[in-house]
Amino acid sequence: MIDAGTTLIRDLVANDFRTAAVFQKYGLDFCCGGGRPIAEAAIDKGVDPASIIADLEKLDATPANGSPKFNTWELDLLADYIVANHHAYVREALPTILLHVEKVARVHGENHPETIAIANAFRRVAQELSQHMQKEEMMLFPFIKAMLSASRSGLQGPSAPFGTVANPIRMMEMEHQNAGDEMAEIRALSNGYTPPEDACTTYRVSFQELHAFELDLHQHVHLENNILFPKAVELEAALASAVA
311 MIDAGTTLIR DLVANDFRTA AVFQKYGLDF CCGGGRPIAE AAIDKGVDPA SIIADLEKLD
371 ATPANGSPKF NTWELDLLAD YIVANHHAYV REALPTILLH VEKVARVHGE NHPETIAIAN
431 AFRRVAQELS QHMQKEEMML FPFIKAMLSA SRSGLQGPSA PFGTVANPIR MMEMEHQNAG
491 DEMAEIRALS NGYTPPEDAC TTYRVSFQEL HAFELDLHQH VHLENNILFP KAVELEAALA
551 SAVA
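Note that the working numbering has the sequence shown beginning at 311, numbered continuously upward.
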């Protein structure tokens, strides 16, 4: 039985990623803002918590049919999955989406000034995420893997050049929030990715691409904020405790 008043959104999604679709249906944030009870988040959105609970319980009664149990994965596997799937998707999608939103802004900006704001916002997202992913791949993820290797071998944990793993994690979470806020602004400016009647094909395609990009970002951030990062902090604490 799910208690809407105490059950955190991120915990449900961490245990069963299928629940993310339910929270998306009601417009509830399960990644950056997932650390809230269902009822609190629902009321803020003007949604009846009972409707959400009913959908979640219906889902719980349905076989998972091979849905990934990310919360049970080893940290190195999860980090590699994030890089191979989400980081790769971002790198592949950014140039195309940037090309499209900038073209739409040039052609339609006079009649639809929001397209200029959308292009500017997505340009900021592209710049931040490109730097963000490089920092994760060059610094944070290798350190997490080194901690896991030490734990498996019964060795002392690696020395952190940044003091504690919580420090870069805090920075990564701030950058996640920034990117999420920019995409939320794009969603608002685009009227929920709904193109106007006079939109050309590129205009319509760009909105579809932006919508897909935001959905992927939510999944990407969830895997890091709600599973990988907390477990990395726990692992570092366990290694320190073993030495003590």
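By construction, the Cβ of each residue, glycine as well, lies at the ideal position given by its N, Cα and C atoms.
Computed from a predicted structure; not experimentally measured.
query                                                                                                                                         : result
Could you give the first and the last residue of the continuous alpha helix (DSSP H) run that contains residue 537?                           : Run containing residue 537: none; DSSP gives neither H nor E here.
Look at the Cβ atom of residue 458, then the Cβ atom of residue 436, and state whether they are nearer than 8 Å.                              : no
If you count every other CB in all the chains shown that lies within 10 Å of the CB of residue 529, and 16 or more means buried, which is it? : buried
Give me the Cα-Cα distance between residue 476 and residue 512, rounded to the nearest whole angstrom.                                        : 42 Å
Determine the direct distance from the alpha carbon of residue 424 to that of residue 408, and round the result to whole angstroms.           : 15 Å
To the nearest whole angstrom, what separates the beta carbons of residue 348 and residue 431, a pair I think is in contact under 8 Å?        : Wrong, their Cβ atoms sit about 29 Å apart, outside the cutoff.
How far does the alpha helix (DSSP H) with residue 484 in it extend, from its first residue to its last?                                      : 476-499
Alpha carbon to alpha carbon, what distance is there between residue 508 and residue 325?                                                     : 44 Å
Does the distance from the CB of residue 500 to the CB of residue 410 come in under 8 Å?                                                      : no
Distance, Cα to Cα, residue 538 vs residue 488?                                                                                               : 19 Å
From the DSSP output, in three-state form, read off residue 405 for me.                                                                       : helix
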